[in-house]
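Data block below; observations after.
In my numbering, the protein residues as written are 6 to 641.
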């Protein structure tokens, strides 16, 4: 089995220790001027979709130092990617040219797609805000060289912890190796909830949280950080601003930081720029405090003002040495992978990520996940995780983002039900039988051909003629408020909404002789983007910027489907105006979304469902709208 390094969990603890021993030997060999041949006759391909200096050059230097060769695409903007070639296709081709791939990409989870497509080992050089495992190897190696061990160290990680991929990989590794972690996030840049949950679930670890002010206070002769063990390798934070804790502080033995790991603000990943937020900055005053005299200052680089340049001369500042270790550490990793390439290596013990995967599931909730940007060949996109308290959720296999379970279905019976915690027994049993299907919504389950476990009363509320009259009225209303048809774009929400949008576009053509541009958006899976009708994956997305958009769906209920569709439109470009047309408005809104055009207002009870059946979806039936109720599987 081909070994990849896509996340720090892909390397077991003893494998990391082996890589470190190799790195030490590499250091000695380089210092002695020895010629190494570990990679002789092999080629590394580096493909960087994002800018890089240290990671790319250190990988390429490592390969040359090992006697190998390098082919490089340092700027993928000049590659076939600009022509629309998928990431998977690129990896299939390039892996036939090389023995090892190193990829950096701006999408979370892109490295996993590369590994699924390539026929050679893939190393993740950083994927979006997800992970950067080889930087973590350098960080751990630097710490161990400086302190002699990792276990029991107290490491503060500060700055942009929301988007900083280096921090995401680092805290996972520190937790595994028994270090104490203090997180010092800038306001609004805290660790994602899913990452903290994974630390708790996988390592029974909860980092101590400090405020930037706690570090700033040190610079003003206030001993602010008092870290007391709460349990082995975990700490509790107290500050001397908390006067009710003074008695406890008086008896507490302050624990100094062994290292402060700073990260820069990831402005390129932030959706909005909040210039009013004061970013954490470390200067000479911070490190003058006696409690910091043994604290190492680390940074993955590049920095952008969070560390004063005056600290470069301080012997505790080891960020440039940290970068220099990138060559021997990456030499060791390449040597390790090439040596294991010919073996059918066991799956790493710490990375049993394939268990409990679900063949089809909902859309990942992370808007930057690769599964929302590109069609994924694999239909195993999630694993099921259950917390100790009984709650269950899905974990994306590509970006690790966690999602709530909304609707579960049985592949064998083709029935579905809205998920509730007491139903975990059904979920677990269906999964063991290979019958589990998970949907984003009841609507998605219905459109996939699944039925409720038990139907209650069912009643037709609109026939084909009434639907036609409603569509005619919707068309007239849209035309009455549209001055320039050449600027109009109609976008239907897949599936029924897309067919209704198509019918509206045909009516506009019949009435005005105008060809209205028509698009489809899929909010339940597949790649983000607005595709031209009939929605082929290789079609160019519609241009929506500064145009008038009419979004079309069959039924609006809570508003969540419309919200996702609008988000996809805004990612494609900001329209001049956006209007919403629906055939049925059944109420029960959870979001403040109001349709511009409505075919029929239909008050319903919360347990009732409205289903629009169109001839395009079922040619054996005429157009109809039905209302029905459903019952849970225990009553079936």
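For every residue, glycine included, the Cβ atom is placed at its ideal position computed from N, Cα and C.
| Check | Outcome |
| --- | --- |
| When 578, 601 and 391 are compared against residue 481, the one with the closest alpha-carbon | 601 |
| Touch test, the region 68-75 against the region 12-22, Cβ-Cβ under 8 Å, three pairs minimum | no |
| Through-space distance from residue 89 to residue 262, alpha-carbon basis | 48 Å |
| Option nearest residue 198 by Cα separation, candidates 215, 173 and 491 | 173 |
| Rounded straight-line distance, which links the Cα of residue 487 to that of residue 552 | 11 Å |
| Residue range of the beta strand (DSSP E) that includes residue 407 | 407-409 |
| DSSP state of residue 385 mapped onto helix, strand, coil | coil |
| Contact belief for residue 441 with residue 413 at Cβ below 8 Å, rounded distance in angstroms | 7 Å |
| Cβ-Cβ distance between residue 615 and residue 557 below 8 Å | no |
| Beta-carbon proximity of residue 191 to residue 164, cut-off 8 Å | yes |
| Distance between residue 119 and residue 633 (C-alpha atoms, nearest Å) | 45 Å |
| Length of the line joining the Cα atoms of residue 25 and residue 52 | 25 Å |
| Segment contact, 8 Å Cβ cut-off, at least three pairs: the region 23-42 with the region 94-101 | no |
| With 16 other Cβ atoms within 10 Å as the buried cut-off, status of residue 451 | buried |
| Residue nearest to residue 523 in terms of C-alpha spacing, selected from 515, 537 and 513 | 537 |
| Run of the beta strand (DSSP E) containing residue 180, from where it starts to where it stops | Segment 170-181 is the alpha helix (DSSP H) holding residue 180; no beta strand (DSSP E) there. |
| Bounding residues of the alpha helix (DSSP H) (the contiguous stretch that carries residue 24) | 18-36 |
| Cα-Cα separation between residue 112 and residue 133, rounded to whole angstroms | 5 Å |
| Residue 127 versus residue 169: straight-line alpha-carbon distance, rounded | 21 Å |
| Neighbourhood of residue 572 by C-beta distance below 8 Å, restricted to the same chain and skipping five residues each side | 372 |
| Any 3 or more C-beta pairs closer than 8 Å across the region 139-154 and the region 428-441 | no |
| Inside the region 65-141 only - alpha helix (DSSP H) runs reaching at least 4 residues | 92-99 and 115-122 |
| Under 8 Å between C-beta atoms of residue 303 and residue 323 | yes |
| Residue range of the unbroken alpha helix (DSSP H) whose run includes residue 448 | 447-452 |
| For residue 403, three-class secondary structure by DSSP | coil |
| Those residues which DSSP pairs with residue 52 across a bridge | 78 and 108 |
| Beta-carbon proximity list for residue 504, same chain, < 8 Å, skipping 5 on both sides | 497, 619, 621 and 622 |
| N-terminal and C-terminal residue of the beta strand (DSSP E) that residue 614 is part of | 613-618 |
| Whole alpha helix (DSSP H) elements within the region 296-341, 4-residue minimum | 324-329 |
| Contained alpha helix (DSSP H) runs [length at least 4] in the region 528-607, N- to C-terminal order | 565-577 |
| Reference residue 207; option with closest CA among 215, 214 and 179 | 179 |
| 8 Å CB neighbourhood of residue 316 in its chain, flanking five on each side removed | 287, 288, 289, 292, 302 and 322 |
| Same chain, Cβ closer than 6 Å to residue 212, five either side skipped, listed in chain order | 186 and 188 |
| Opposing strand residues paired with residue 190 [DSSP bridges] | 164 |
| Check whether residue 555 and residue 443 have beta carbons under 8 Å apart | no |
| Bridge partners - residue 633, DSSP secondary structure assignment | 463 and 614 |
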